[in-house]
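Worksheet: the structure to be examined is printed underneath.
Residue numbers (the numbering used here): 65 to 498.
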């Protein structure tokens, strides 16, 4: 059963990582298609409405993908719907502004920016730490994109009296961030490949990552520079045409090589992504297994008597039936106690004695409260030192942190839980192995 469950988990992990590789490739290809459209506009100087139609199509595709995601709630679906409506409305206002009459364009990017920031804060606060990094990166680029649109609208409404080089300051900043990420990526990959001696990460993977970031930094840089030259009219039209053709051919060659290269090393990419998700997977799987196998029933209950508020004596066959006549102060700590699952007791004499003894009233001084938190009823004894008087939650904290007894600092091997109490006779029926 465990092997079958592990196989199912590994298959689901492979599917998820394969989808992650597909998402990475789709994101890069969409960016390259956007640059293709702009390059074609600079070469043939066709109407801008074709670029807007392509942007509408991409908005529709992303909206359908988001709506098909079952993990998104109704509130997030409504927010994404409003965001896409604003995006489509912005493109409509651009057409109206340049084709019909001039209108104030910057109101739509301001509303879209507020929604994007609110969505960013909502998702960061409602996701765990393992997903926050990806959310922060994705939404940071979305916020930068909307701010860039806002600067363009201010420029078109003649409220931003700067050149196009200065108007595209956000785009230049994003390209600089991508370049900085290349440097960090190279340092990390070289460290993993050579210093940590991980054979799965080799020069092929390093080249793919560099090639991937190249398409999001170098190519957009030359295209953006050509666009600024075109609108500023500072160079000859023939030079802009030549630069646009070079960018267009470079993008086409890059797209072909990127898709071909990604298909060739797809399995290696999945292995690399597993390194990132391995820590989260290791933390999730044991937590589920420990939840079901943390405590297990003892075949034969173990009987104890309480010598003090913190020490318990395990009864064996040779123990005296009349425990009340013994001098409890002279009882040493047991060093020859057997394993809890190997003990075999006759239950009837102890249960008979337990029924004859009168229960004592609860009192904090008599050890009826946990010696650590002083709130819960003590129901756990630590083995092999036989110190107890603590509750289940405090014993869990000890096992998770120090794995040592809170009194004598000896190593904890087992924790025994009391499910039933009869007078002074205590019956342990559950055991947890540390």
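C-beta atoms are modelled at their ideal positions from N, C-alpha and C, and glycine is treated no differently. Every value quoted in this text rests on a predicted model; they were computed, and no experiment measured them.
Return the residue from the list the options that minimises the CA-CA distance to residue i.
i, options, result
"residue 77", "459, 214, 492, 335", "335"
"residue 101", "284, 496, 190, 188", "284"
"residue 313", "325, 298, 279", "279"
"residue 145", "274, 130, 230", "130"
"residue 234", "211, 220, 298", "211"
"residue 93", "315, 474, 216, 436", "315"
"residue 455", "449, 439, 465", "439"
"residue 203", "216, 468, 147, 297", "147"
"residue 490", "453, 465, 224", "453"
"residue 276", "324, 309, 188", "324"
"residue 164", "295, 170, 156", "156"
"residue 136", "186, 153, 105", "186"
"residue 173", "153, 188, 250, 184", "153"
"residue 361", "495, 448, 216, 221", "495"
"residue 332", "270, 168, 303, 287", "270"
"residue 115", "86, 124, 105", "105"
"residue 370", "236, 113, 445", "445"
"residue 309", "86, 166, 103", "103"
"residue 222", "268, 86, 166", "166"
"residue 368", "90, 447, 319", "447"
"residue 268", "241, 296, 328, 252", "328"
"residue 281", "319, 250, 242", "242"
"residue 90", "72, 319, 184", "319"
With a cut-off of 8 Å on the beta carbons, I'd call residue i and residue j a contact; round off their distance for me.
i, j, result
"residue 482", "residue 443", "5 Å"
"residue 472", "residue 451", "6 Å"
"residue 311", "residue 290", "6 Å"
"residue 150", "residue 119", "Not confirmed; about 13 Å, so no contact."
"residue 378", "residue 364", "Contact doesn't hold; Cβ gap of about 13 Å is too wide."
"residue 132", "residue 170", "Incorrect: roughly 33 Å between the Cβ atoms, too far for contact."
"residue 478", "residue 464", "15 Å between Cβ atoms; not a contact."
"residue 474", "residue 458", "About 17 Å; that fails the 8 Å criterion."
With DSSP run on the structure shown, which of helix, strand or coil describes residue i?
i, result
"residue 345", "Its pLDDT being 44, under 50, residue 345 is placed unreliably in this model, and the value from its coordinates should be taken loosely. DSSP places residue 345 in helix when its eight states are reduced to three."
"residue 493", "strand"
"residue 436", "coil"
"residue 444", "strand"
"residue 176", "helix"
"residue 386", "The predicted position of residue 386 is uncertain, since its pLDDT is 49 and thus under 50; a value taken from the coordinates is nonetheless stated next. If DSSP states are grouped into helix, strand and coil, residue 386 belongs with coil."
"residue 369", "strand"
"residue 226", "coil"
"residue 82", "helix"
"residue 154", "helix"
"residue 468", "strand"
"residue 315", "helix"
"residue 333", "helix"
"residue 452", "strand"
"residue 197", "helix"
"residue 362", "strand"
"residue 517", "Absent from the model: residue 517. The displayed extent of the chain is 65 to 498, so no value can be given."
"residue 527", "Outside the shown range of the chain (65 to 498) lies residue 527, about which nothing can therefore be said."
"residue 138", "helix"
"residue 298", "coil"
"residue 214", "helix"
"residue 475", "strand"
"residue 350", "Interpretation of residue 350 is limited by its pLDDT of 45, a score under 50 that renders its predicted location unreliable; the figure taken from the coordinates is listed afterwards. Here residue 350 sits in helix by DSSP."
In angstroms with no decimal places, state the Cα-to-Cα distance between residue i and residue j.
i, j, result
"residue 493", "residue 359", "10 Å"
"residue 139", "residue 88", "26 Å"
"residue 110", "residue 159", "14 Å"
"residue 107", "residue 246", "30 Å"
"residue 161", "residue 317", "36 Å"
"residue 254", "residue 126", "35 Å"
"residue 207", "residue 374", "59 Å"
"residue 209", "residue 99", "15 Å"
"residue 330", "residue 83", "11 Å"
"residue 470", "residue 462", "8 Å"
"residue 239", "residue 95", "13 Å"
"residue 143", "residue 301", "44 Å"
"residue 294", "residue 321", "29 Å"
"residue 214", "residue 274", "31 Å"
"residue 286", "residue 190", "39 Å"
"residue 292", "residue 200", "30 Å"
"residue 225", "residue 216", "11 Å"
"residue 141", "residue 306", "45 Å"
"residue 237", "residue 75", "40 Å"
"residue 272", "residue 72", "30 Å"
"residue 441", "residue 376", "15 Å"
"residue 113", "residue 296", "21 Å"
### Query
Is the region 176 to 191 in contact with the region 215 to 234, if contact means three or more CB pairs nearer than 8 Å?
no
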